[in-house]
Ligand SMILES: Nc1ncnc2c1ncn2[C@@H]1O[C@H](COP(=O)(O)OP(=O)(O)OP(=O)(O)O)[C@@H](O)[C@H]1O
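Numbering (the numbering used here), first residue to last: 1237 to 1587.
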């Protein structure tokens, strides 16, 4: 008897094979399109032990890439450990990363190995590295330079062979300029930067990802697998995905739950939990309907609103020019005249 689960798996396999991807468990979708360049970089750097810095928005797949570097490196049989630097209280960061000796501070009732020791022979993935305090940055620089450190409260120098992969969604270079991140450490970890494009910058990846997540959701939920219709697929491609791949996976799973195995309720799922983008209010436009605003002001507000929706993208099928039905050069000229800076709309708006 073929169970629903088996049917879903068979479907998934045949679809993935049709998409040219046979490796189900560790599928990196976009390997042939949006992530081609990044994966070329992964292959190049995996052969060495050089530190890697992965830059990309939240949910864009930084951990997926860090794991791929480890899996393709000579250390693949060693440990891969992920530490979210943003989640460690600053007073504990030293002992979390480098360990401590018994009695070295209140609460240190026994000796403890830190992440560096535990990752010996493997890869340590420091996520959100920009969140580390200046004191920890100094210690990190030393490990990277000569591979040695002491546990908190310890005298003995320990030596480890750890490959460091760091990631951040912040502009580390700007943090260096503002004095919030050490310049010497930045040079040390920035040997091989890999920039992960946001999902909206690689719309070709959206359909195979949507299919992948739809089949995965059906399998997890024990539902008949359903795929997005062509109209729904267009909707998914149009949507700007501020939460990137993680948000896409969540929307598809929500759509599967709402559709109860009969369909995918994409439109409802997009409406329920998605982030509402703050659209900048045009300065000077009054609420009073009788007051006529100058045309330039109205045009400026309209262009700004469109840029907020396209995250500053001007050209291409998802750009502001196409939405406004004008040529990109014309749009750029108007933006210059109206003093609109598209960079304001790049990335996810607002903190
Ligand atoms: N190219 C991809 N193919 C398949 N799944 C992906 C891909 N990229 C990301 N994902 C999935 O999307 C989710 C988010 O990815 P990941 O955790 O790697 O993002 P991140 O950039 O590290 O996020 P954060 O900034 O929050 O740490 C994960 O479930 C991951 O498996």
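From the three backbone atoms N, C-alpha and C, an ideal C-beta is built for every residue, glycine too.
query: Is it true that the region 1294-1303 meets the region 1320-1330, where meeting means three or more beta-carbon pairs spaced less than 8 Å apart?; result: no
query: How long is the line joining the alpha carbons of residue 1415 and residue 1330, rounded to whole angstroms?; result: 21 Å
query: CB residue 1288 to CB residue 1264, shorter than 7 Å?; result: no
query: Please state the DSSP three-state secondary structure of residue 1467.; result: helix
query: Based on Cα-Cα distance, which residue from 1457, 1539, 1547 lies nearest to residue 1495?; result: 1457
query: How about residue 1544 and residue 1550: do their beta carbons lie closer than 7 Å?; result: no
query: Considering residue 1542, what are the terminal residues of the alpha helix (DSSP H) in which it resides?; result: 1531-1545
query: Answer with buried or exposed for residue 1309, where buried requires no fewer than 16 other C-beta atoms within 10 angstroms of its C-beta.; result: buried
query: Which residues in the same chain have their Cβ closer than 7 Å to the Cβ of residue 1443, if we skip the five residues on either side of it in sequence?; result: 1469
query: Quick one, which of 1451, 1385, 1381, 1437 has its alpha-carbon nearest residue 1476's?; result: 1437
query: Apply the 10 Å Cβ neighbour rule to residue 1384 and answer buried if 16 or more other Cβ atoms are within range, or exposed otherwise.; result: exposed
query: Beta strand (DSSP E) containing residue 1330: first to last residue?; result: Taken as a continuous stretch (DSSP letters only), residue 1330 belongs to no beta strand (DSSP E), being part of the alpha helix (DSSP H) at 1326-1334.
query: Does at least one heavy atom of ligand 3 sit under 6 Å from the Cβ of residue 1296?; result: Ligands displayed in this structure: ligand 1; ligand 3 is not among them.
query: Is residue 1300 near ligand 1, going by C-beta to nearest heavy atom under 6 Å?; result: yes
query: If you draw a straight line from the C-alpha of residue 1337 to the C-alpha of residue 1431, how long is it?; result: 38 Å
query: With distances taken between CB atoms, is the gap from residue 1361 to residue 1401 smaller than 7 Å?; result: yes
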